[in-house]
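Student:
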Ligand code: PMP
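In full-length UniProt numbering, the protein residues as written are 12 to 300.
#1: To the nearest whole angstrom, what separates the beta carbons of residue 103 and residue 51, a pair I think is in contact under 8 Å?
#2: Comparing C-alpha positions only, which one of 190, 124 and 232 sits nearest to residue 240?
#3: Taking three-plus beta-carbon pairs below 8 Å as touching, is the segment 106-113 in contact with the segment 23-32?
#4: Decide if residue 138 is buried, meaning its Cβ has at least 16 other Cβ atoms within 10 Å, or exposed.
#5: Hey, out of 86, 24 and 91, whose CA is closest to residue 49's CA?
#6: Residue 300 and residue 61 - do their beta-carbons sit closer together than 8 Å?
#7: Inspect the beta-carbon positions of residue 113 and residue 37 and report whether they are closer than 8 Å.
#8: Quickly, what does DSSP pair residue 234 with across the bridge? List them, please.
#9: Could you please give me the residues that DSSP links to residue 55 through a beta bridge?
#10: Taking DSSP as the reference, what is the three-state secondary structure of residue 300?
#11: Keeping to the same chain, check which residues put their C-beta closer than 6 Å to that of residue 132; ignore five residues upstream and five downstream.
#12: Determine the extent of the alpha helix (DSSP H) in which residue 73 is found, giving its start and end residues.
#13: Note down the Cα distance separating residue 42 from residue 154, rounded to an integer number of angstroms.
#14: DSSP three-state call for residue 32: helix, strand or coil?
#15: Where do the N-terminal and C-terminal ends of the beta strand (DSSP E) with residue 287 fall, by residue?
#16: Taking C-beta to C-beta, are residue 275 and residue 286 nearer than 8 Å?
#17: Is residue 176 near the ligand PMP, going by C-beta to nearest heavy atom under 7 Å?
#18: State yes or no: is the C-beta of residue 153 nearer than 7 Å to some heavy atom of the ligand PMP?
#19: Can you list, in chain order, the residues of its chain with a C-beta nearer than 8 Å to that of residue 172? Leave out the 5 residues immediately preceding and following it.
#20: Could you have a look at residue 165 and say whether DSSP puts it in helix, strand or coil?
#21: For a test of the three-state rule: what should DSSP assign to residue 139, helix, strand or coil?
#22: Apply the 10 Å Cβ neighbour rule to residue 99 and answer buried if 16 or more other Cβ atoms are within range, or exposed otherwise.
#23: Below 8 Å, can you find three or more Cβ-Cβ pairs linking the segment 187-204 to the segment 212-228?
#24: If we ignore side chains and look at the alpha-carbon of each, how far apart do residue 264 and residue 147 end up?
#25: Ignore the nearest five residues each way along the sequence and tell me which others in residue 291's own chain have a CB closer than 8 Å to its CB.
#26: Taking the C-alpha atoms as reference points, what is the distance between residue 12 and residue 293?
#27: Measuring only the C-alpha atoms, how far is residue 34 from residue 115?
#28: Using only alpha-carbon positions, find the residue among 95, 145 and 110 that is nearest to residue 123.
#29: Under a three-way DSSP split, which group does residue 12 fall into?
The structure is reproduced here in structure tokens:
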């Protein structure tokens, strides 16, 4: 059987995804003037459903608002659902992107054509479900007073630099800390620790307000507060979390190795049930496709 050609949503219509192209004067290509989301759909008993879709699109709306990029969450909702249906996806990663397109080479966004697309792929796992090994980044996270922690395209150059450096040093992922020794986040995931059975969510103004992080705080009653690298290294368990990574146990930070991670594994399983609609109290987080 032939695999059906992937369908994407582009500026109001479903199109063959492989044929989409962007012009060479695309503003976002030169200056990063776009905003995106990473969302997931899961197979549930009643069909595919998108986890916390309104929250993802609200964050995207806030990002678009930073540079007056037109963005309509209702239209984006329809675009996401239409793309998932067209591709007959059940477990899927969803990538909406809105950006400023063709125009002059000037910085002003005015005069550039706004575009939006949605692409979906069968689910890939960010940290491959394995226990991650983190290197402490020499790069600092974009400070929030220079670049707000939203999913703005240009902001991810910072994540690329840190991830490349971590990988060159033999780690899987980078852990950002600030100048005062506080933990910020990873390149595409937030950080939690477990100490004496208590779960703590790392809070930092330069970190993306993660939806998985918010979900886990709601599920566990975890305290959200500033955490130093020293405290993280002293924890019993550490995990990273994000839409793609889900709940990813950390095996190692630099030369500090963590042992078994029973609390993390329990949370991993709980999160897995919640996103698949198996926890009645949290089904309101799912939008049926
Ligand atoms: N931090 C960064 C920098 C990210 O890109 C992501 C992924 N969106 C996260 C944290 C986790 O956020 P979420 O749980 O909303 O996916």
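Glycine included, every Cβ here is placed at the ideal spot set by N, Cα and C. As the structure is a prediction and not an experimental result, all values here were calculated from the model.
Tutor: Let me spell this out:
#1: Yes, residue 103 and residue 51 are in contact; Cβ-Cβ is about 7 Å, under 8 Å.
#2: Closest option to residue 240, Cα to Cα, is 190.
#3: No: the two stretches stay apart, fewer than three of their Cβ pairs being nearer than 8 Å.
#4: Any answer about residue 138 is weak, because its pLDDT of 44 lies below 50 and its placement is not dependable; what the coordinates show is given next. Under a 10 Å Cβ-count criterion, residue 138 is classified as buried, with 16 or more other Cβ atoms of the shown protein chains found around its own Cβ.
#5: Comparing Cα positions, the closest option is 91.
#6: The answer is yes: Cβ separation under 8 Å.
#7: Cβ distance < 8 Å, so residue 113 and residue 37 count as in contact.
#8: For residue 234, which the question treats as bridged, DSSP gives the partners 211.
#9: According to DSSP, residue 55 bridges with 58.
#10: Coil at residue 300, not helix or strand.
#11: Only 104 meet the Cβ criterion.
#12: Unbroken alpha helix (DSSP H) run through residue 73: 64-76.
#13: About 18 Å.
#14: Residue 32 carries a coil assignment under DSSP once its states are collapsed to helix, strand and coil.
#15: Premise fails: residue 287 is in no beta strand (DSSP E) and is neither H nor E.
#16: No; because the gap between Cβ atoms is not below 8 Å, this pair is not in contact.
#17: No; taking the cut-off as 7 Å, the Cβ of residue 176 has no heavy atom of the ligand PMP nearer than that.
#18: Because no heavy atom of the ligand PMP lies under 7 Å away, the Cβ of residue 153 does not count as near it: no.
#19: Result list for residue 172: 150, in chain order.
#20: In the structure shown, residue 165 sits in a helix (DSSP, three-state: H, G or I).
#21: For residue 139, the predicted structure reports a pLDDT of 45, less than 50, and the residue's modelled location is therefore unreliable. A value from the coordinates is still provided. Correct three-state label for residue 139: coil.
#22: Residue environment for residue 99: exposed (fewer than 16 other C-beta atoms within 10 angstroms of its C-beta).
#23: Touching, per the Cβ criterion.
#24: Roughly 7 Å between the two C-alpha positions.
#25: Answer for residue 291: no residue qualifies.
#26: Residue placement at residue 12 is poorly supported in this model, since its pLDDT is 47, which falls under 50; the coordinates still yield a value, given next. Here the alpha carbon of residue 12 sits roughly 38 Å from the alpha carbon of residue 293.
#27: Roughly 11 Å separates the two Cα atoms.
#28: The closest CA to that of residue 123, considering only 95, 145 and 110, is found on 110.
#29: Confidence in residue 12 is poor, its pLDDT being 47 and thus under 50, which makes the residue's placement too unreliable to answer from.
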